[in-house]
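Take a look at the structure below.
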Amino acid sequence: MTQEQQVATTSDPLALYNAKRDFAKTAEPAGTLARGHGNAFMVQKHDATRLHWDLRLEIDGVLKSWAVTRGPSLDPGEKRLAVRTEDHPLSYATFEGTIPAQEYGGGTVMLWDRGTWAPIKGKSTKDLEKGHLHFILDGERMKGAWLLIRLKPRGKETRENWLLRKIDDAEAGGTDTLVETGLTSVKTGRTMQEIAEGKKARVLPRKRESRTKSGARGALDSRVRGNTGLPKFRDLQLCTLVDDVPAGNGWIHEVKYDGYRALLAVGGGTARVFTRTGLDWSDKFAGIAEAAAALPVASALIDGEIVAFKDGRPDFSTLKDAISNGGDMTFFGFDLLSLDGESLEALPNVQRKERLRAVLDGAGPRLQFAEHVVGEGETLFTAMCREGYEGIVSKRADAPYRGRRTKAWLKIKCTRRQEFVILGWTESTAKGRGFRALLLGQHRDGRLVYSGKVGTGFDRDTMAALRTRMDRLARKTPTVEAPRAATRGAHWITPKLVAEIAFTEFTPDGALRHPSYLGLREDKPAEDVMPEIPKKAAAARITVKVTHPERLIFPDSKVSKGQLADYYAAVAPIMLPWAAHRPISLVRCPQGRGKKCFFQKHDAGSFGKHVRHVDITEKDGSVEPYLYVEDADGLVQCVQMGTIEFHGWASSVGTLEQPDRLVFDLDPDEGLDFGDVKKAAIDLKQHLADIGLTSFAMLSGGKGVHVVVPLTPGADWDATKSFAERFARALAEAEPNRFTATMAKAKRKGKIFIDWLRNQRGNTAVLPYSARARSGAPVAAPVSWSELKDIETPAMFSVEDVDTLIGRANARALDGWGVANQVLPDV
1 MTQEQQVATT SDPLALYNAK RDFAKTAEPA GTLARGHGNA FMVQKHDATR
51 LHWDLRLEID GVLKSWAVTR GPSLDPGEKR LAVRTEDHPL SYATFEGTIP
101 AQEYGGGTVM LWDRGTWAPI KGKSTKDLEK GHLHFILDGE RMKGAWLLIR
151 LKPRGKETRE NWLLRKIDDA EAGGTDTLVE TGLTSVKTGR TMQEIAEGKK
201 ARVLPRKRES RTKSGARGAL DSRVRGNTGL PKFRDLQLCT LVDDVPAGNG
251 WIHEVKYDGY RALLAVGGGT ARVFTRTGLD WSDKFAGIAE AAAALPVASA
301 LIDGEIVAFK DGRPDFSTLK DAISNGGDMT FFGFDLLSLD GESLEALPNV
351 QRKERLRAVL DGAGPRLQFA EHVVGEGETL FTAMCREGYE GIVSKRADAP
401 YRGRRTKAWL KIKCTRRQEF VILGWTESTA KGRGFRALLL GQHRDGRLVY
451 SGKVGTGFDR DTMAALRTRM DRLARKTPTV EAPRAATRGA HWITPKLVAE
501 IAFTEFTPDG ALRHPSYLGL REDKPAEDVM PEIPKKAAAA RITVKVTHPE
551 RLIFPDSKVS KGQLADYYAA VAPIMLPWAA HRPISLVRCP QGRGKKCFFQ
601 KHDAGSFGKH VRHVDITEKD GSVEPYLYVE DADGLVQCVQ MGTIEFHGWA
651 SSVGTLEQPD RLVFDLDPDE GLDFGDVKKA AIDLKQHLAD IGLTSFAMLS
701 GGKGVHVVVP LTPGADWDAT KSFAERFARA LAEAEPNRFT ATMAKAKRKG
751 KIFIDWLRNQ RGNTAVLPYS ARARSGAPVA APVSWSELKD IETPAMFSVE
801 DVDTLIGRAN ARALDGWGVA NQVLPDV
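Quick note, the sequence shown lines up with residues 1 to 827 if you use the UniProt record's numbering.
So this is what it looks like as structure tokens:
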């Protein structure tokens, strides 16, 4: 009779747990049944006989447990084996440490995730007895809907085998994104190696509980320092309206909230709420200002949107009513411009948002963090339109904050909505109706132009209020030229009121089709109201003329200069997140790749207006103008000047002296095959993971693989160079027959050179999606670690695979590629 069978006859659900352990030898807690019905969950990464992830759900006073052998996957098409294990006590939820090797489960245990869970609506925990459980997780890493399904037993199996699968929702993602990026403890910040070595916990961002205004003032501790004054209003970054969701993991996507844009200034124990034009509306949003004043910061400037909800969704009309009558309103913060006197505007978008998340964590219901997804913009857009939302906002993950309208922030609307100036109204024949329709206009080419009229979307109270305000602005003559038939008997007003209107499209003569009134916009002056015309796709926006497009650049592949320009125009949306706003060196081959090619990194103005330059001080003290690009026109302009390859610094022009990535270029000796390089890359990935660094693989398009490590800008060039060199030399010393960290050809015989020199100030590495000046017109292409195992050549993709590359960039396999908020470890 097995141990499991012996204890199965007892009524204690923790009997088997206790029977398996000697608590005089293991630090694990003894099993005691708890009372109550909580909803906690946690996952413990467990390096025992075999590495696995233990999923535990709180049910009936114990933790129901499954060992997930390859870890949870965000890919709905990936089913992970989850072996049911014994119930654990609730006290196990915080356990982290090392179980002695001779004991049951001997090995290192990390608290890898934690949060709350619940069965989906209409389901219950009793479904477990039926062999399935459909549930929602709200953890620090695992989120959204998941499914556990029990498999039928085979042969003499004594344990229950289940499958764990992610449900396809907004939280779905890449196959191994979670296990490859979740490398440290959510409790102590330690890696598995640090836990095994018994190192002390790292200092993690402090989780804050909601608190009253009076209690928050005293919560300012020594870590809050810097400028305590109230930050001043500054111009906001605005979105460009486009038709299509940008592809690729270089973009983050947020819900487009149907409300008022607001800038929240906090400092000196008080707060102010500014409209997008700088009006102080703190009295209108008093509850939000009060909540913001309680944030435990010395000062902050937060960009966001104020909304009110109706039927669970933001609703503009409900917001108007809430402003008038003091109703409930919520501020969703989506950007952090400054914190404790430090300007953050030059930081990449994702880094500003991570800082903001920590500021708003636990701030209460009035102040919320605006969540986002990386990549998968089309999925979010489809879901938002289906649920009746206004649309989404897509933002370049690496872009700084600009106080103007840019193409780094895009908005994509489910229905068309724009602002219009009210020009007047037409009379109604219905008794008690204040008017029949509003006459509308917009400013075009410096003058006010008639845009049609709207007669729906009003109730009686709204009409009465509008009529009162319009009567005060009455005038005898119109301010626009308008069709007489449409405006016969119209009453005209001075054009000061701004209305937001939903409509399906503009007619050929510029009038609205199927318009509906949504509400007045008090936060925008009438003179700023102009049409929003969606921009076309990047390839269609190119304004650079390419001369001699028929010239063959790759004679063996018959790829011409015009085709190369078309390639860069097409991949611009997925390439620019990695290539834009950073100093670049170009490989120029004016007569094609088979003729003379040369590097160029400085610009004397010969490239034209679409290629920018930034002045950089060299080691000898001289100042040189380095090249960089901002958009697709810049890429194509470089092609026009004979460029094939783009190589970039490991820093952006905004944080020039603080690198944002490490690149290890694995360059094999001629006698080695690609299989050796792949194995080396995977080993580097694991070594980096052991010290808490997430890395990503990129086919170089040449001979090897680049292992890319994203960094939060902070460390200087000396620190990153020192780390890269020490890491590479340590591997070379550990396996001298396999690796070398020395560039000299004589010392590379039969070895792989771990090129760490890419990480010095002024040095560059080939950029993702750059073509290479090699036979076959190959390109440098991001790949997942899962894919790399089956790839046979680093030149797998070429410029002729443009559609495939674009499709891959927005696919789940590359979800989150190249994005990780991490700093250099202290090793």
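Cβ atoms here follow ideal geometry from the backbone N, Cα and C, with glycine treated the same way.
Counted within 10 angstroms of its Cβ, other Cβ atoms place residue i as buried (16 or more) or exposed
i    : result
P205 : Confidence at P205 is low in this model, with a pLDDT of 47, below 50, so the placement of that residue should be treated as unreliable; the coordinate-derived value is given next. Its Cβ having fewer than 16 others within 10 Å, P205 is exposed.
H548 : exposed
K64  : buried
M743 : exposed
R154 : exposed
A741 : buried
G131 : exposed
F435 : buried
A37  : First, the residue type needs correcting, since residue 37 is His and not Ala in the sequence shown. Flag for H37 reads exposed.
H706 : buried
K431 : exposed
Residue i - DSSP class collapsed to helix/strand/coil
i    : result
C385 : helix
Y568 : helix
H52  : strand
H687 : helix
Y260 : strand
G704 : coil
K320 : helix
W281 : coil
L220 : Its pLDDT being 28, under 50, L220 is placed unreliably in this model, and the coordinates cannot settle the point.
I542 : coil
F41  : strand
L788 : helix
P736 : coil
A724 : helix
W578 : helix
Per DSSP, the bridge partner or partners of residue i
i           : result
residue 828 : This structure gives no information on residue 828, because the portion of the chain shown stretches from 1 to 827.
W66         : L55, R84
I584        : L627, G648
K79         : R165
K395        : I252, W409
M698        : H706, P782
A89         : The identity of residue 89 in the sequence shown is Pro, whereas the question assumes Ala. Answer is V62, bridged to P89.
A293        : Answer by DSSP bridge pairing: none, since A293 is not bridged.
C-beta contact flag for residue i and residue j at 7 Å
i    : j    : result
A579 : F646 : yes
P296 : A265 : no
T175 : E58  : no
V779 : G701 : yes
N349 : A399 : yes
V544 : V629 : no
L55  : K166 : no
Y257 : D523 : no
V242 : L410 : yes
G510 : I553 : no
D138 : G115 : yes
M110 : E96  : yes
E171 : K143 : yes
L360 : G333 : yes
L183 : G692 : yes
N-terminal and C-terminal residue of the beta strand (DSSP E) that residue i is part of
i    : result
I167 : Element bounds for I167: n/a, residue is neither H nor E.
K20  : Run containing K20: none; DSSP gives neither H nor E here.
R612 : 611–617
L518 : 516–520
E500 : 498–503
E305 : 299–307
K453 : 447–454
Alpha helix (DSSP H) segment containing residue i, residue limits
i    : result
M796 : Where M796 is concerned, there is no enclosing alpha helix (DSSP H), given that its DSSP letter is neither H nor E.
Q351 : 349–360
T270 : Element bounds for T270: not the alpha helix (DSSP H) but the beta strand (DSSP E), 270–275.
L236 : Per DSSP, L236 belongs to no alpha helix (DSSP H) and is neither H nor E.
F334 : Taken as a continuous stretch (DSSP letters only), F334 belongs to no alpha helix (DSSP H), being part of the beta strand (DSSP E) at 330–339.
Short CB-CB distance (under 7 Å) between residue i and chain D
i    : result
F646 : Here there is only one protein chain, and chain D is not present.
Residue i beta carbon near the ligand ATP (any heavy atom closer than 6 Å)
i    : result
A383 : Summarising the ligand content, the structure contains no ligands, and the ligand ATP is consequently not present.
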